[in-house]
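Letter 132 of the sequence shown, counting from 1, is numbered 133 in this note's numbering, and no numbers are missing. The beta carbon of each residue, even a glycine, is placed where N, CA and C say it ideally should be.
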Amino acid sequence: MPETSHKKPDNERPADLAVQDSVGGMARRLLNPAHLRDLAGRSVKTLREQGAEQLWRDVKFRVGLAMHHDDWRHRADIPLRRELKAQRAANLQGPKISIIVPLYNTSAKFFDEMLQSVVKQTYTNWELVLLDASDADKRLERRLPKAVPGVIVYEPIENGGIAANTTRGFALAHGDFIALLDHDDVLYPNALFEVVQTVQSTRADFVYSDEIVLSADLKQLGGYHFKPDFAPDYLRGVNFITHLAVFSRPLLDAAGAYESKEFDGAQDHDLILRLTEKAHRIEHIKKVLYIWRGHAGSTAAGMEAKPYAIAAGERAIDAQLERLGLPGHAMAVPDAPGAFQVRYELTGYPKISVLIPNKDHTDDLDRCLTSLYKNAGYNNFEVIVIENNSTDPATLAYYEMLPSRFADCRVVYYKGAFNFSAINNFGATFAEGEHLLLLNNDIEVLSHDFLRELLSYSQRPDVGAVGAKLYYPDDTIQHAGVLMGINGSAGHSHKSYPRTAVGDMYRLVTTQDYMAVTGACLMTKTALYRECGGLDEEKFAVAYNDVDYCLKLWQKGLLNVYTPRAEAYHYESKSRGLDTLSENARRYEREKANFYAKYQQYIDNYDPYYNPHFNNLFENFGLK
């Protein structure tokens with residue numbers, strides 16, 4: 002891997018029209034035609050469907066966002082008064098939810114606020130199970146209200162640690178579903194109502210929501226946790242689910258109705274890993290329903306407060322890998338407390354066929370090959386350079402000396418017009434490997450175990466395609482996975498973020514599941530490539546062929562994975578020119594139209610690995 006900087010990670014969003022902190026940037030944002038159309042339509046719809054209260058919230062948020070000030074009271078989905086009134090009037094009938102709250106020397110203020118957030122729920126079929134392991138003089142039984150809509154179970158216990166105390170709560174619970182609530186956190190009043198509605202409409206046995214981090218006094222914004230839908234690789238990297246998690250009693254029993262002391266500090270991560278392994282249906286409520294209070298000693302204030310939790314997190318992930326039969330081990334990510342990467346062991350010694358299309362530009366090609374052979378970290382591979390109508394005599398001379406410089410490297414000749422899909426499909430017919438790596442000639446490999454890292458994911462039977470972390474030459478992000486719906490088609494996750502950034506909720510430094518990865522560097526099983534007919538030569542000759550291929554895999558139920566441990570520079574589009582020029586632009590628009598026609602359902606409805614709270618005009622995880 003490249004040398005690690007000791008500087009604090011730079012996680013500032015790139016300075017584009019969406020976030021630029023200037024008067025000019027603000028004006029351009031406000032006057033952007035797409036923004037104005039979206040704003041007008043949203044305002045009319047909001048006024049008609051939700052009334053003046055919500056419209057005023059929207060206005061305040063828009064002004065705040067333009068001025069670079071977050072209005073968390075709007076953005077965090079606090080329900081309207083009329084919504085809460087309607088929910089109470091509905092008297093929703095559904096399963097009993099047992100809310101488990103271990104207490105330990107909890108401040109009276111925090112306890113009262115937590116308790117009131119439960120008592121004020123618009124859904125009333127709940128049970129609050131309080132396990133009080135506090136010192137005798139700090140127990141809180143006297144603060145319990147005499148009359149509440151639900152049931153309160155209070156038990157003073159000896160302090161056995163957070164895992165043992167929670168396990169005791171599981172034993173006392175009588176609910177059909179279980180929810181975990183920290184003693185210093187707060188539920189939104191509609192939390193349980195939203196959960197029950199989701200359970201009843203989807204038959205889910207595991208439900209989680211978005212959340213918000215606030216200061217100890219619940220006044221200052223600490224951050225938003227706007228999450229993707231369930232992503233197993235991401236969950237191994239970060240416990241992004243955390244709060245609010247609600248799961249059925251049969252699921253808990255199937256996964257083991259306990260939290261283990263072995264994982265104290267990461268006990269919830271271990272439990273959620275076990276639960277999601279066994280769950281029949283996992284649903285994500287794309288609303289904030291939970292306030293995670295950040296204060297001294299709280300994990301919300303930073304994992305640095307609990308260093309033992311990091312070691313426990315590694316053990317919890319390793320335990321899942323063992324359960325799933327995935328040889329490998331977890332490693333904490335430096336400068337990203339609470340984030341982990343998994344190094345998978347290779348199974349077998351399969352051959353990789355690297356396909357590199359090329360037309361002239363031998364300087365690019367030489368840099369690509371030199372860096373690949375230097376940093377492959379794996380020896381069983383061949384390289385197939387696919388020549389496409391070069392005109393420079395020096396190119397042919399360069400080809401002649403390739404076998405003497407690079408082992409198992411040969412050139413095949415594609416005579417047709419430039420068609421990226423057809424060129425790669427042609428090259429694949431010569432491939433002898435079990436895995437294919439589509440690699441642009443303007444890639445420079447940086448990480449020392451590049452092929453090994455990609456192969457460690459491609460070998461998994463649940464993985465369709467694997468992509469790398471690509472940088473522009475100025476050390477900003479070019480690719481870290483593909484997001485559907487960006488500007489009416491697709492875009493690159495975290496594009497233009499600094500190389501050192503950790504990304505939204507550590508997504509730049511942990512393995513991610515996405516709907517697609519870029520064909521500039523894409524590994525896949527050869528059998529899958531041939532089964533899918535390779536890249537589409539007719540509809541997507543140059544653009545969107547990689548996303549189209551990945552979506553075919555995703556529709557088969559396979560995961561498309563981005564790994565940050567495979568790093569490279571991408572000197573993008575040097576060989577064929579930019580898509581903003583003349584015929585290239587016209588071709589691009591045709592292929593974009595083809596892409597929209599085929600995948601409208603994924604473009605118009607938010608990418609499951611993104612979140613509707615984020616804008617889809619830019620690729621930077623900025624708020625709408």
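Closest Cα partner of residue i within the set the options
| i | options | result |
| --- | --- | --- |
| Gly482 | Gly266, Gly42, Asp547 and Glu532 | Asp547 |
| Ser99 | Arg89, Gly52 and Leu193 | Leu193 |
| Asn106 | His362, Asp59, Glu128 and Lys139 | Lys139 |
| Val518 | Leu438, Arg453 and Thr501 | Leu438 |
| Leu559 | Cys551, Arg566 and Pro565 | Cys551 |
| Glu263 | Leu356, Ala312, Lys121 and Ile101 | Ala312 |
| Ile286 | Asp549, Asp78, Arg453 and Ala502 | Asp78 |
| Asp319 | Ala331, Glu159 and Phe407 | Ala331 |
| Asn585 | Asp409, Thr203, Asn420 and Thr396 | Asn420 |
| Pro613 | Gly520, Ala569 and Gly486 | Gly486 |
| Val510 | Lys557, Glu568 and Trp555 | Glu568 |
| Arg76 | Arg83, Asp230, Ala87 and Phe62 | Phe62 |
| Ala598 | Val562, Gly489 and Ala109 | Gly489 |
| Ala256 | His449, Met115, Arg83 and Phe171 | Phe171 |
| Trp555 | Arg368, Val152, Ile242 and Tyr603 | Tyr603 |
| Ala310 | His244, Ala333 and Asn617 | Ala333 |
| Ala521 | Thr564, Gly535, Gly468 and Gln117 | Gly468 |
Close-in-space but distant-in-sequence residues of the same chain around residue i (CB under 6 Å, 5 per side omitted)
| i | result |
| --- | --- |
| Leu484 | Gly492, Ser494, Asp608 and Tyr611 |
| Phe622 | Asp505 and Phe615 |
| Leu403 | Cys410 |
| Tyr259 | Thr168 |
| Tyr507 | Val239, Ala337 and Ala340 |
| Val152 | Glu128 |
7 Å Cβ cutoff met for residue i and residue j
| i | j | result |
| --- | --- | --- |
| Val247 | Phe178 | yes |
| Thr123 | Leu85 | yes |
| Asp265 | Gly162 | yes |
| Thr525 | Ala429 | no |
| Tyr379 | Arg294 | no |
| Asp185 | Phe111 | yes |
| Ala317 | Asp271 | yes |
| Lys121 | Pro190 | yes |
| Gln55 | Leu81 | yes |
| Val187 | Glu114 | yes |
| Ala377 | Phe451 | yes |
Residues near residue i in its chain [Cβ-Cβ closer than 7 Å; skip 5 each side]
| i | result |
| --- | --- |
| Leu252 | Asp206, Phe207, Leu276, Lys279 and Ala280 |
| Thr392 | Asp361 |
| Ser23 | Because Ser23 sits at a pLDDT of 46, beneath the cut-off of 50, its placement in the model cannot be relied upon, and the point is left open. |
| Leu181 | Ile101, Ala246 and Asp269 |
| Asp537 | Ser422, Asn546 and Asp549 |
| Lys553 | Cys533 |
| Leu274 | Leu236, Ala317 and Gln321 |
| Gln51 | Leu81 |
| Ser372 | Glu445 and Val446 |
| Thr47 | Gln55, Leu56 and Asp59 |
| Pro474 | Tyr570 and Tyr572 |
Status (buried if at least 16 other CB within 10 Å, exposed otherwise) for residue i
| i | result |
| --- | --- |
| Gln513 | buried |
| Ser249 | buried |
| Lys375 | exposed |
| Lys470 | buried |
| Asp476 | exposed |
| Gly326 | exposed |
| Arg49 | exposed |
| Asp605 | exposed |
| Arg324 | exposed |
| Trp57 | exposed |
| Ile444 | buried |
| Lys220 | exposed |
| Ala267 | buried |
| Ser261 | buried |
| Pro308 | exposed |
| Thr363 | buried |
Same chain, Cβ closer than 8 Å to residue i, neighbours up to 5 away in sequence not counted
| i | result |
| --- | --- |
| Thr203 | Arg282 and Glu284 |
| Tyr155 | Leu131, Asp133, Glu142 and Leu145 |
| Glu435 | Pro351, Lys352, Ile353, Lys526, Thr527 and Ala528 |
| Ile366 | The identity of residue 366 in the sequence shown is Leu, whereas the question assumes Ile. Closer than 8 Å at the Cβ level, and outside the excluded window around Leu366, lie Ile357, Asn359, Val386, Tyr399 and Asn442. |
| Lys557 | Gly465 |
> Within the chosen definition, does the stretch 451 to 463 reach the stretch 421 to 431 through at least 3 CB pairs nearer than 8 Å?
Replying inline: no
>> Across the stretch 591 to 598 and the stretch 535 to 547, are there enough close Cβ pairs to call them in contact, namely three or more that are closer than 8 Å?
In response: yes
> Counting pairs of Cβ atoms below 8 Å between the stretch 211 to 218 and the stretch 125 to 139, do you hit three or more?
Replying inline: no
> Does the pairing of the stretch 80 to 95 with the stretch 225 to 237 give three or more beta-carbon distances under 8 Å?
Replying inline: no
>> When you compare the stretch 400 to 416 with the stretch 334 to 348, are there three or more beta-carbon pairs, one atom per stretch, that lie closer than 8 Å?
In response: no
> Taking contact to mean at least 3 C-beta pairs separated by less than 8 Å, is the stretch 232 to 246 in contact with the stretch 340 to 360?
Replying inline: yes
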